[in-house]
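Shown next, in structure tokens, is the structure this report addresses.
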Amino acid sequence: PLPTLENKVRQMLDAPKKGVSVHESSVPWRNPGIKYASNELFFDVIEHMDIIVDAEGGIVKSGLRGSIEANCHLSGMPDVNLHLINKEIFEDVSYHRCVRHARYENDRMLSFVPPDGRFTLFQYRCKPIHALQPPFYVTPQITFNKEGGRVNVMVGLRHGGIGLDKEKDIHKLIVNVPLPPQVDVCNVNSCSQGQHSFDNSRKVLTWKIGHLTSNSPSLSAEFNFGANDTDDVVEATGEAVTVEFQIPNYSCSGVKVDTVSVLNESYKPYKGVKYMTKQGKFSIRTV
């Protein structure tokens with residue numbers, strides 16, 4: 338049949354008909370003639386946990402958002418179909434222009450001719466998850482007096498936390514404690530794990546705990562104010578303690594890649610998927 342405007346649009350947006358190859362002219366985001374000696378396709382599912390904790394340890398606000406980052410080294414003009422598990426949890430999504438909108442709206446399949454190299458394939462925000470909280474706790478306490486004050490921080494795994502699974506340990510755990518601008522000196526008295534430093538320009542005490550195991554590490558420090566013309570106790574800054582962490586091999590939402598199919602080419606590429614959950618906007622109020 339003669340090509341019509343409808344068919345041309347369908348070639349660009351919808352899945353190609355069986356036996357019909359994808360025309361290079363219909364894929365402006367991919368250069369023609371790409372060749373690799375080794376064909377590989379990798380996906381990273383990265384989720385960010387947004388948490389606000391009050392001074393009593395209660396969850397004020399929580400949310401989960403994620404993205405699928407792709408790294409494509411495929412020859413020719415491949416056509417990829419990616420199927421996800423637990424996609425019902427999506428509340429809002431956005432995707433790269435290579436994804437066929439009609440196909441996704443129809444059966445939630447990510448069908449696309451990929452750009453070459455690295456690109457963000459898919460982004461999502463999850464529906465509210467009941468009792469969403471990190472698998473560990475951080476309890477900072479800051480007290481003040483006329484001369485300065487004291488910082489005590491305790492960290493540990495929650496009972497039954499995923500950190501007890503060796504394949505889903507918590508890594509690169511960092512706690513940042515902001516101190517008042519009047520602080521002149523900060524000395525750490527005890528630190529049971531990791532490294533610590535005090536940035537005098539930013540007035541932030543940073544505790545790099547690293548790998549969190551079944552132990553419950555703690556840190557204790559004292560700080561002194563500089564010249565203080567009043568005898569009043571300095572009030573807390575109101576700035577929250579922030580937390581950073583990574584949990585490799587873990588998808589907090591349960592979203593996972595089920596199958597990846599590469600069509601329209603004769604080779605069978607190497608395919609790999611990795612998962613990571615990490616902090617988003619993660620803060621703990623101290624007042």
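Be aware that the sequence shown starts at 338, since it is given in this note's numbering, and climbs by one per residue. Heads up, the beta-carbon is just placed ideally off N, CA and C, and yes, glycines get one too. Only a predicted model underlies this, so the values are computations on that prediction, with no experimental measurement involved.
Cβ separation of Cys589 and Glu384, assumed to be a contact under 8 Å, to the nearest whole Å | Cys589 to Glu384, Cβ: 5 Å. Contact.
Using the C-alpha atoms, what's the distance from Gly370 back to Tyr474?
-> Going from the Cα of Tyr474 to the Cα of Gly370 covers about 52 Å.
Let me know if Gln478 comes out buried or exposed under the rule of 16 or more other beta-carbons within 10 Å of its beta-carbon.
-> Of the residues assessed, Gln478 falls on the exposed side of the cut-off, its CB having fewer than 16 other CB atoms within 10 angstroms.
What are the start and end residues of each continuous alpha helix (DSSP H) run of 4 or more residues lying completely inside the region 396-454, in chain order?
-> Listed in chain order, the complete alpha helix (DSSP H) runs (minimum 4 residues) inside the region 396-454 are 438-444.
Identify the residues that DSSP records as bridge partners of Asp391: which are they?
-> Its beta-bridge partners do not exist; DSSP assigns none.
What residues are listed by DSSP as bridge partners for Trp544?
-> Val512, His533
Looking at the unbroken beta strand (DSSP E) that takes in Gly486, where does it start and where does it end?
-> In the DSSP assignment, Gly486 falls within the beta strand (DSSP E) that extends over 485-494.
Assigned secondary structure, Ser588 (DSSP; H/G/I helix, E/B strand, else coil) | coil
Status (buried if at least 16 other CB within 10 Å, exposed otherwise) for Arg367 = buried
Backbone secondary structure at Met613 - three-state DSSP | If DSSP states are grouped into helix, strand and coil, Met613 belongs with the strands.
Give the C-beta separation of Ile546 and Leu510 to the nearest angstrom, bearing in mind that I take them to be a contact with Cβ-Cβ under 8 Å.
-> 4 Å
Is it the case that the Cβ atoms of Val382 and Val599 are separated by a distance below 8 Å?
-> no
Taking Val610 as the reference, give the member of Glu377, Tyr373, Ser363, Val364 with the closest Cα.
-> Glu377
Which of helix, strand or coil DSSP assigns to Ser358 | Unreliable placement is indicated for Ser358, whose pLDDT of 49 sits below 50; no coordinate value is reported for it.
Extent of the continuous beta strand (DSSP E) run through Ser557 | 555-562
Residue of Val578, Thr550, Phe535, Gln519 minimising C-alpha distance to Leu494 | Thr550
Whole-number beta carbon distance between Leu469 and Ser404, since they are thought to touch under 8 Å | Not quite, the Cβ-Cβ distance comes to about 18 Å (not below 8 Å), so this is no contact.
How about the region 421-436 and the region 480-492: do they share at least three Cβ pairs that are nearer than 8 Å?
-> Segments in contact, no.
Where does Glu363 fall in DSSP's three states?
-> Looking at the sequence itself, residue 363 is Ser, so the reference to Glu does not match. Of the three classes helix, strand and coil, the one that applies to Ser363 here is helix, per DSSP.
Give the single residue among Asn586, Met446, Cys523 whose Cα lies nearest to the Cα of Glu559.
-> Cys523
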